[in-house]
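A.B. asks: Under the UniProt record's numbering, the very last position in the sequence shown is 123; numbers go up by exactly one each time. Following this message is one structure expressed as structure tokens.
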Amino acid sequence: MGKPQTIDEYIEGFAGEGREVLEQVRALAVEAVPTASEAIKWGHPAWVHPSGTILFMVSGHAKHANVVFTPSTREAFDADLADFATGKGSVKLPYGRPVPSDLLRRMIAFRVREHEDDGVLWM
């Protein structure tokens, strides 16, 4: 099969804990920002604001999933992310650990606000 065209196809490419984490992040995204549309960007699931700006993305890997926000969103939660490996705008969610739903909800709300109120676009 070629590259996934939908988030369903993307998630179907994973099994076990990887699929579970991706499904949890997707459900959380739909709950936290129901007005966002789902899309595949650069081969990975993305949630897009009605204005057309990417809010955040997720990618699955062998032992973890990455949720990628803007660097400013990730930096705003540095203290809360002390127990997670992070990158420029990413948060690594290791398989086998609970998804930090409350933290991700707050990060998504922050990202929506920074886009709507401050005009912060995607990277």
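Glycine included, each C-beta is placed from N, C-alpha and C at the ideal position.
On the three-pair Cβ rule with 8 Å, is the region 20-38 touching the region 73-83?
C.D. replies: No, they do not touch.
A.B. asks: Thinking C-alpha only, which one of S72, M57, R111 is nearest A65?
C.D. replies: What you label residue 65 is simply residue 65 of the sequence shown in a count that begins at 1. Nearest of S72, M57, R111 to A65, Cα basis: M57.
A.B. asks: Between which residues of its own chain and P50 is the CB-CB distance below 6 Å, once the five residues before and five after are set aside?
C.D. replies: Taking the sequence shown and counting its residues from 1, one reaches residue 50 at position 50. So the list reads T35, once near-sequence residues are dropped.
A.B. asks: Between L28 and L104, how many whole angstroms is the CB-CB distance? I'm expecting something under 8 Å.
C.D. replies: As a working mapping, residue 28 is identified with position 28 in the sequence shown. As a working mapping, residue 104 is identified with position 104 in the sequence shown. The Cβ separation is near 6 Å, so the contact holds.
A.B. asks: Ends of the alpha helix (DSSP H) at M107?
C.D. replies: By one-based count along the sequence shown, residue 107 stands at place 107. Unbroken alpha helix (DSSP H) run through M107: 101-118.
A.B. asks: Considering V48, what are the terminal residues of the beta strand (DSSP E) in which it resides?
C.D. replies: To locate residue 48, count along the sequence shown from 1; it is residue 48. 44-48 is the span of the beta strand (DSSP E), which, as asked, contains V48.
A.B. asks: So, for V96: in the same chain, excluding its five sequence neighbours on each side, which residues have a beta-carbon less than 7 Å away from its beta-carbon?
C.D. replies: Along the sequence shown, one-based indexing puts residue 96 at 96. In the sequence under discussion, the amino acid at residue 96 is Gly, which differs from the Val named in the question. Within the same chain, G96 has close Cβ partners E17.
A.B. asks: Under the three-state reduction of DSSP, which class applies to residue 149: helix, strand or coil?
C.D. replies: Nothing can be reported for residue 149, as the shown portion of the chain is limited to 1 through 123.
A.B. asks: Taking 8 Å as the cut-off, decide whether the C-beta atoms of V25 and V99 are in contact.
C.D. replies: Stepping through the sequence shown from its first residue, residue 25 is reached at position 25. Stepping through the sequence shown from its first residue, residue 99 is reached at position 99. Yes. Within cutoff.
A.B. asks: Once you ignore the five residues that flank G89 on each side, which residues in its own chain have a CB closer than 6 Å to its CB?
C.D. replies: Counting from one through the sequence shown, the residue named residue 89 turns up at place 89. Hits under 6 Å: V68, F69, T70, P71, R74.
A.B. asks: Between the alpha carbons of W42 and H61, how many angstroms are there, rounded?
C.D. replies: Position 42 of the sequence shown, counted from the first residue, corresponds to residue 42. Position 61 of the sequence shown, counted from the first residue, corresponds to residue 61. Answer to the nearest angstrom: the Cα atoms are 15 Å apart.
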